[in-house]
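Using the numbering used here, the first residue of the sequence shown is number 114, and each one after it goes up by one. The structure under discussion appears below in the form of structure tokens.
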Amino acid sequence: MNPILNFPSDEFAAGKSIDIDIAADYLELSALFSRESQSFSEEIVNALELAADAEYDDVDDEIKNREEVAASAVARMAFRKRALAASYPFDIDANGDVILYTGGKTDLGHTAYLVSLILSNLKSVSPLLVDSEAHPTEEEVSRLRRYFQYFATAAIAAEVGGPAWSFGFPRPDRTGFLPKLCEIWESFRDGIVSPDPSAPSDPKDGGVDIFAWREQRDGLPGFLLLAAQVATGRDWKEKSIKIHVGGLFQNRWFSRAPVTAMVAYHVIPFARPDEEFRDDVDVLGNVLHRLRVPFRVSEATSLVSNGVAVEAFDLLDDASAWVQSYAERTRPP
């Protein structure tokens, strides 16, 4: 077992509703933090065996449960690999026994996945790194969240196939709220930015972290316009902007409201269970989670190469270098 990770064995007792994503994350982090860049599915079996108590009447049932948890974790990782293709920074051997970290230092899709993986397992949301030397410091957590904002901007740009602005506070260009909003709407030419007298006097981002659009060549309103919230904390599902961008934002910040509707998006680093995803979308609008963001980031690379403006994309190489340095720091000598 990896000594710097805490496997929550009590959450995987027979008969409990288990979060198999936690088990999959455990194997991925174990490989990332390993000097040999690998982990073994048997580590889950061993962790459950060490924590075994007398709740099983049948030893065979106990062994079967351990093996089923390990097999389910590997199956979940295999699903992640299918969903993300080359953007997934891990590989699994043919027998499902060995997990290999294969992340590339310059692969932005890989970095987006690793940033998401680490943010998903901060001690405020997951037990895996509680009391671990590998847990990021407060400064590092702030840095990771800032990087995720930039990766989310790239992912939203690829989602819409057009330019994107990182609007969340603090903005990478350090602009104020209204100057930035005016800059963005000069491109759209739909609506007049002018705050209502009753609007907040010192807004940070008005609840919107990213704007992106698909331009129509005729310059007329009625285009695809995305407004996204980026959420990395435990309360991520309480930050829906669906109603906000459905009228409140326009009423506050425009004297002539845009007629183009904003499509609400929510970008999160977490890997969401399939059975809960429908409700996520119902509450939040379209959701980009860990099984979508890295793939879209990889697509954004081609977008930028073709001259599409994606704000903060030039900062992503710094994120890759930092994540590699962080991973190396956590590995045993």
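Yeah, the Cβ is synthetic: ideal placement off N, Cα and C, and Gly gets one too.
Return the residue from the list Leu221, Ile205, Ser300 and Thr373 that minimises the CA-CA distance to serine 334. The question names serine, but residue 334 in the sequence shown is proline. Just measuring C-alpha positions, the residue of Leu221, Ile205, Ser300 and Thr373 sitting nearest proline 334 is Thr373.
Using the rule of at least 16 other Cβ atoms within 10 Å of the residue's Cβ for burial, across every protein chain shown, is arginine 327 buried or exposed? Around the CB of arginine 327, fewer than 16 other CB atoms lie within 10 Å, so the residue is classed as exposed.
Collapsed DSSP secondary structure at asparagine 208 in the structure displayed: DSSP places asparagine 208 outside both helix and strand once states are collapsed to three, so it counts as coil.
C-alpha gap between glutamate 412 and glutamate 181, whole angstroms: So the two alpha carbons sit approximately 35 Å from each other.
Can you check which of these residues, Glu124, Gly209 and Val228, is closest to leucine 142 by C-alpha distance? Considering only alpha carbons, the answer is Val228.
Using the C-alpha atoms, what's the distance from arginine 444 back to arginine 403? Each residue's Cα considered, the two are about 24 Å apart.
Would you mind giving the Cβ-Cβ distance between alanine 344 and lysine 352, rounded to the nearest angstrom? I have them listed as a contact below 8 Å. Yes, alanine 344 and lysine 352 are in contact; Cβ-Cβ is about 5 Å, under 8 Å.
Just checking, does the segment 424-434 make contact with the segment 390-406 on the three C-beta pairs under 8 Å criterion? In short, these stretches do not touch, since the Cβ pair count stays below three.
Classify threonine 250 as buried or exposed, calling it buried when 16 or more other Cβ atoms lie within 10 Å of its own Cβ. For threonine 250, the number of other beta carbons within 10 angstroms of its own is below 16, and it is reported as exposed.
Three or more C-beta pairs closer than 8 Å, one from the segment 413-420 and one from the segment 267-283: is that the case here? Output reads yes: the segment 267-283 touches the segment 413-420.
Buried or exposed for glutamine 342, please, with buried defined as at least 16 other CB atoms from any protein chain shown within 10 angstroms of its CB. Result: buried.
In whole angstroms, what separates the C-alpha of tyrosine 263 from that of proline 446? One C-alpha to the other measures close to 32 Å.
State yes or no: is the C-beta of valine 451 within less than 9 Å of the C-beta of leucine 339? Here the chain has residues from 114 to 446 only, and residue 451 is not among them.
Local Cβ density within 10 Å of serine 433, reported as buried at 16 or more and exposed below that: Burial state of serine 433 is buried, judged by a 10 Å Cβ sphere holding 16 or more other Cβ atoms.
Look up serine 237 in the DSSP assignment and say whether it is helix, strand or coil. Residue state, collapsed to three classes: coil.
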